[in-house]
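The structure under discussion appears below in the form of structure tokens.
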Amino acid sequence: MRILLIEDDRDTAAYLTKGLREGGYTIEHASEGRDGLFLATSEDFDLLIVDRMLPGLNGLAVIEALRAQGNKVPVLILSALAQIDDRVRGLRAGGDDYMTKPYAFSELLARVEALLRRGHSAAPTTKLGFADLEMDLLTRTVTRADRRIDLQPREFRLLEYLLRHAGQVVTRTMLLDGVWDYHFDPQTNVIDVHISRLRQKIDKGFATPLLHTIRGAGYSLREDA
Amino acid sequence: MAAFAASAGVLLLFIHDATVAFIDRETNATIEADYRGLAEQYARLGLSGLARVISERLSGDTQTGELYLLIDLYHRPVAGNLALWPTVDSNADEWIQFGVEIPEASGSVMHAARAKVFDLADSHRLLVGRDIEDRVDFQGTLTVFLVASLAIFVVLSGIGGILTGRNILGRVDAIAHTTHSIIRGDLSQRLPVQGIGDEFDRVAESVNQMLNQLERLSTGMRTVIDSVAHDLRGPITRLRSHVELTFSNPPSVESYRQALDTALTETERLHHTVNTLLHIAQAESGTLAVEMERVDLSAVARNVADLYQPLAEERGLRLSMDATADVHILGHRELLSHAVANLIDNAIKYTPQGGAIGLTVSAAGPRATVTVADTGPGVAAEDRERVLQRFVRLEASRTTAGSGLGLSLVAAVAQLHEAELRLGDNAPGLRVEVIFRTAA
């Protein structure tokens, strides 16, 4: 997987490059908007990570230029801008996800993984599944090992999100964003309670737990412990 | 000033000339009427008759100042009250002006006279005139009066101008003085308003309103900075002391792991604080910086309740919701959700196990109210005003960890939406009401 990182801050770029390389990705780095746009148009990448504020050509302009050329590569925007509506502006410009600095690296890694995965399964699905867990999006039913599991509407959406990101780490902010469409952190960790309730329903009474808590990062649907 | 004086002078000159011309016309008309009378007599009675008529006229009361003189071919007076033909060259039917000696108690005085000369058929000449000394006197008085008026006008308008100028300069000075104080940083100063509603007052009132807003914003800004310092200093201090302590202890993988774990927790807390502060700053910066849209308050409340329901149940609390009404306001969904979430969060935090929390959205006329009521300890009546005051100052109840910024955000969001934030007694417990204006 090749990722192009367009980021002018040297320290941030070095740290992200190192972290992502350790995560198994190939990283190209451009420290300026025009160079970044040139690289993105002349070579193939699976994902772009673009800082919003860049010398030369700003991040949003780079994305707009790419989209105008019909380039559909997934783009993750990094921003230090404080305005909440900047997120909307970033996504409107053609970004696929938006992260505000400061962010946790685990969060960035999880979102990178999610974006790369999304690029592969663009076709609409009616069934989702992981291990012996199955979800029918049309009848809105969930079974595990052919045993029917009753879920509240919100629990259904939570599990749907986890299933769409099965095997990946899903952070609390990703869940708040994807399931509740909230982009703020509640004072108390309300997501933990939702997860533990869902875990009660899908894991209790089964030999292998599927829903795992990843310390300091989030949650993941996994077969191994 | 000069223009005023000049125009006043022109006006007075016009009055003078018009009056003099009017008086001259009156005199001339009288003299001509007099002559027409005499000419009639002359035509009827001849020269001797005319002389007799003149003598008769003069024998009566001559206070009106008639002057007559009839002379023959040799310039000898035949009739009239003038001793000599005036030494002024004149032709027939011509107006002449001359001096006459008038006998008085203290001797004779010269009076101005005006007359017209007529040639009669038999080489006689007739002079019909009037003593115009009174009119000349009047003209003099009029001139003196008008010149005096002009002088008084010039002096008075000069004094008035100076006084008005001084008043304006004084007020401009006062404004400049206040402005300089404000520039030096004293935002509590206000421009003087005299209460007479003139142009200066209107400008001063507008500027004062602007200053009120500026002072409020600057106070808000200062308290935000205080809050930031307070809320960031804690985690940073803990972070630093943990690292220092770990370094001073004998190195071990376990102690390092523990220190890193603590560091991660503290940075997460810092991260959360910074994000909340950014939201507050966003809400505080006003509607220009935030895109407002039509928002269904009930939907906002239902979604937040949905998020917090499991947490409330886990804490042994009953979270009930009444948000069925279709209530729309002009607002920011994300910030509104964050504010309601913080209110519910606080209610959960403060309400003891077995208690109840109610979230209600109701509409009455132009007002839409979001109410969060709990059965916790509440806020004493005498403290409510103060707590609200502190909300605005973003220092809300810092005695309980983590709640301060949450309430500050609620206050900032309420302010952004021009909503009223009210604390009340839920008997027992706290009842927080946020009253919005509904959108059409």
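Taken in sequence, the protein lines are chains A and B. First residue of the first sequence: 1159, per the numbering used here; consecutive thereafter. First residue of the second sequence: 288, per the numbering used here; consecutive thereafter. The beta carbon of each residue, even a glycine, is placed where N, CA and C say it ideally should be. Since the structure is predicted, the reported quantities are computational estimates derived from the model, not experimental observations.
Closer than 8 angstroms by beta-carbon distance: list the chain B residues that pair up with residue i, in chain order.
i, result
"F1342/A", "N562, T563, H566, E621, S624, H625, A628"
Please work out which residues of its chain come closer than 8 angstroms, Cβ to Cβ, to residue i, disregarding the five sequence neighbours upstream and downstream, and give them in chain order.
i, result
"L598/B", "I635"
"I1396/A", "Since the first residue of chain A shown is 1159 and the last is 1383, residue 1396/A is not available in this structure."
"L1274/A", "M1159, D1204, L1205, P1232"
"D712/B", "G665, A668, R718"
"S542/B", "T533, N536"
"H303/B", "L429, T430, L433"
"I1242/A", "H1341"
"N1284/A", "The sequence shown places Thr at residue 1284/A, rather than the Asn named in the question. These residues qualify, in order along the chain: D1294, L1295, L1296."
Taking CB distances under 8 angstroms as the criterion, tell me whether residue i reaches chain B.
i, result
"Q1358/A", "no"
"T1170/A", "no"
"T1346/A", "yes"
"I1242/A", "yes"
"R1355/A", "yes"
So is residue i buried or exposed if we call it buried at 16+ other beta carbons inside 10 Å?
i, result
"G1248/A", "buried"
"S585/B", "buried"
"P538/B", "exposed"
"M497/B", "exposed"
"Y788/B", "With chain B covering 288 to 727 only, the question about residue 788/B has no answer from this structure."
"F236/B", "The requested residue 236/B does not occur in the structure, where chain B is confined to residues 288 to 727."
"Q1345/A", "buried"
"M1257/A", "buried"
"I1185/A", "buried"
"V577/B", "buried"
"G394/B", "exposed"
"N378/B", "exposed"
Got a sec: is the Cβ-Cβ distance from residue i to anything in chain A below 8 angstroms?
i, result
"Q640/B", "no"
"N495/B", "no"
"R671/B", "no"
"V577/B", "yes"
"D518/B", "no"
"L501/B", "no"
"D488/B", "no"
"H467/B", "no"
"N590/B", "yes"
"Q569/B", "yes"
"G689/B", "With a pLDDT of 46 at G689/B, under the threshold of 50, the modelled position of this residue cannot be trusted; read the value that follows with caution. Output row for G689/B: interface = yes."
Excluding sequence positions up to five away, which residues of its chain have a Cβ less than 6 angstroms from the Cβ of residue i?
i, result
"G1177/A", "F1263"
"L617/B", "M579, A726"
"T658/B", "T647, E720"
"A592/B", "M608, L646"
"H615/B", "R581, D583, A726"
"F678/B", "Summary for F678/B: the model assigns pLDDT 44, below 50, so the residue's position carries little reliability, and this model does not support an answer."
"L345/B", "N368"
"T1371/A", "Y1377"
"V700/B", "A570, L622, A626"
"L414/B", "L356, A402, V404"
"P479/B", "A461"
Chain A partners of residue i, CB-CB under 7 angstroms?
i, result
"A492/B", "Looking at the sequence provided, one finds Glu at residue 492/B rather than Ala. Per Cβ cutoff of 7 angstroms: no residues; E492/B is ~34 angstroms from chain A at best."
"L617/B", "Within 7 angstroms Cβ-Cβ: nothing; L617/B doesn't reach chain A, min ~15 angstroms."
"A593/B", "According to the sequence displayed, residue 593/B carries Asp and not Ala. Here the neighbours are R1312."
Name, please, each residue of chain B whose Cβ falls closer than 7 angstroms to the Cβ of residue i.
i, result
"G1374/A", "L551"
"V1351/A", "P597, L598, E601"
For residue i, return the contacting residues in chain A, with the cut-off set at a CB-CB distance below 9 angstroms.
i, result
"D632/B", "P1344, Q1345, T1346, V1348"
"G693/B", "Q1345"
"H558/B", "P1260, Y1261, A1262, D1343"
Give every residue of the same chain whose Cβ lies closer than 7 angstroms to the Cβ of residue i, excluding the five residues on either side of it in the sequence, and list them in chain order.
i, result
"H362/B", "W372"
"L298/B", "none"
"I1349/A", "R1330, L1333, L1334"
"D1193/A", "none"
So is residue i in contact with chain C if we call contact Cβ pairs under 8 angstroms?
i, result
"L565/B", "Looking for chain C here will not work: the only protein chains present are A and B."
Would you call the segment 440-459 of chain B and the segment 368-375 of chain B in contact, with 3 or more CB pairs under 8 angstroms?
-> no
Is it a yes or a no for the segment 417-426 of chain B touching the segment 330-347 of chain B, going by three-plus beta-carbon pairs under 8 angstroms?
-> no
Hey, is the segment 467-475 of chain B in contact with the segment 312-327 of chain B, meaning 3+ C-beta pairs nearer than 8 angstroms?
-> no
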